[in-house]
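This report refers to the structure that appears directly beneath it.
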DNA sequence: TGGGTCATGTAACCTGTTACATGATTAG
DNA sequence: CTAATCATGTAACAGGTTACATGACCCA
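Protein chains in written order, with the numbering used here: chain X, 4 to 186; chain V, 4 to 186.
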């Protein structure tokens, strides 16, 4: 139940429609939390039912109406409770199909595995570019937010992303070297 | 759809019951893929229906019967197809509630955040111990498997685990330092 | 005598994914 | 003229989580 809290966190910065939230989410939290647009709409409906949010319909001419969501006091409380709570050991684990494939790779040739690893490195590198973009978006947006302490936290999560992707690349290179030595 | 393939991979080493698979899974793949016991049973039932597995009931006196699963030729094919396929960009991302909390931590005090980070470091350290245990289990088991190439791949995934946890610790320490400097 | 392990699951629920629908406006 | 963008979603399904059930054995 963290997507809801992520959305609360974003709405705490300011009112937004589902559409805007979807874009804000994908521009900021997407590296460490992924969500489908349809899922965001579903959660918003549920959150309004829970009274964490209220909404206001704003008619537009030509375009469909905007449904602007606003965090309620109850929602702000919930956000703070969540921020202060300590969960969870799950966070140490990683869900990584690629590692599972590597685990079983004795079933295929080393050459094939080396190819996959090289492919993987390329993907990591293009993700590093995407991270750099996310970072600059965040930095830019940070200028407009009053509480400058946000910047420190946003930068810290971005740093995690960079270090993580660099780790992946380094790990894949080391694995390739090992495979080349034994074959 | 990767839990099924993980189970196929394990059954490719030898026949096992659901119970044994659950333990084998948790002793080896658990770091990069997590699964509930009940989920494993559900997937096994589905996989037998798909003809990826066959099963044999072995009566025991006193204890409940053992239901021993065996990978079929169809299952072995499926495993190889999966191992040779290239998915997926999802693998670059991370799902980490903790990072989402850090992102929004300007809402709580720096002291509270520093506390959470210290707590987090402790968790990482105890997970490092668990990883060391997993690694030695795998190494031991590796002695009994014919194809020694398995060892290389298993070691590589374990290395990823160690590097990752060390990265988490290092990142948390750096973040604490930054927070201490500004407060 | 009470708790842990062996071994099998079921049921209900929550979360995430994929595919589709609508219909006007604007940019290339 | 075509594709993308704006803005809202629904439906069906797949995958993951939590809680519970059974019953005998073994160990302290």
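Built from N, CA and C at the ideal position, the CB exists for glycine as well.
For clarity, every value in this text was computed on a predicted model and none was experimentally measured.
Of the listed residues the options, nearest to residue i (C-alpha basis)
{"i": "residue 18 of chain V", "options": "V/127, V/95, V/47, V/153", "result": "V/47"}
{"i": "residue 62 of chain V", "options": "V/20, V/132, V/5", "result": "V/20"}
{"i": "residue 176 of chain X", "options": "X/96, X/121, X/38", "result": "X/121"}
{"i": "residue 151 of chain V", "options": "X/93, X/14, X/83, X/182", "result": "X/182"}
{"i": "residue 109 of chain X", "options": "V/25, V/140, V/159, V/42", "result": "V/159"}
{"i": "residue 52 of chain X", "options": "X/141, X/75, X/142", "result": "X/75"}
{"i": "residue 157 of chain X", "options": "X/172, X/133, X/139", "result": "X/139"}
{"i": "residue 8 of chain V", "options": "V/134, V/84, V/23", "result": "V/84"}
{"i": "residue 24 of chain V", "options": "V/72, V/162, V/54", "result": "V/72"}
Beta-carbon gap between residue i and residue j smaller than 9 Å
{"i": "residue 35 of chain X", "j": "residue 102 of chain V", "result": "yes"}
{"i": "residue 78 of chain X", "j": "residue 32 of chain X", "result": "no"}
{"i": "residue 179 of chain X", "j": "residue 105 of chain X", "result": "no"}
{"i": "residue 114 of chain V", "j": "residue 130 of chain X", "result": "no"}
{"i": "residue 86 of chain X", "j": "residue 107 of chain V", "result": "yes"}
{"i": "residue 155 of chain X", "j": "residue 185 of chain V", "result": "yes"}
{"i": "residue 39 of chain V", "j": "residue 92 of chain X", "result": "no"}
{"i": "residue 111 of chain X", "j": "residue 97 of chain V", "result": "no"}
Expected contact under 8 Å - CB spacing of residue i and residue j to nearest Å
{"i": "residue 145 of chain X", "j": "residue 153 of chain X", "result": "6 Å"}
{"i": "residue 166 of chain V", "j": "residue 100 of chain X", "result": "Contact doesn't hold; Cβ gap of about 18 Å is too wide."}
{"i": "residue 27 of chain X", "j": "residue 137 of chain X", "result": "In fact, because the Cβ distance is near 12 Å, the residues do not count as touching under 8 Å."}
{"i": "residue 89 of chain X", "j": "residue 58 of chain V", "result": "Incorrect: roughly 42 Å between the Cβ atoms, too far for contact."}
Residue i CB to nearest heavy atom of the ligand NAP below 8 Å
{"i": "residue 29 of chain X", "result": "The ligand content of the structure shown is nil, which means the ligand NAP is not present either."}
Nonlocal neighbours in the same chain, by C-beta distance under 6 Å from residue i, ignoring five residues either side
{"i": "residue 60 of chain X", "result": "68, 70"}
{"i": "residue 44 of chain X", "result": "21"}
{"i": "residue 124 of chain X", "result": "172, 175"}
Chain X within 9 Å of residue i, Cβ atoms only
{"i": "residue 146 of chain V", "result": "no"}
{"i": "residue 43 of chain V", "result": "no"}
{"i": "residue 30 of chain V", "result": "no"}
{"i": "residue 9 of chain V", "result": "yes"}
{"i": "residue 132 of chain V", "result": "no"}
{"i": "residue 5 of chain V", "result": "yes"}
is_contact[residue i, chain V] using C-beta, thresh 9 Å
{"i": "residue 152 of chain X", "result": "yes"}
{"i": "residue 40 of chain X", "result": "no"}
{"i": "residue 104 of chain X", "result": "yes"}
{"i": "residue 3 of chain X", "result": "Absent from the structure is residue 3 of chain X, since the part of chain X shown begins at 4 and ends at 186."}
{"i": "residue 162 of chain X", "result": "yes"}
{"i": "residue 27 of chain X", "result": "no"}
{"i": "residue 70 of chain X", "result": "no"}
Beta-carbon contacts of residue i that lie in its chain and below 7 Å, excluding the five residues immediately before and after
{"i": "residue 15 of chain V", "result": "74, 79, 82"}
{"i": "residue 148 of chain X", "result": "16"}
Sequence-distant residues of the same chain with beta carbon closer than 8 Å to residue i, five excluded per side
{"i": "residue 42 of chain X", "result": "6"}
{"i": "residue 134 of chain V", "result": "34, 161, 164, 165, 168"}
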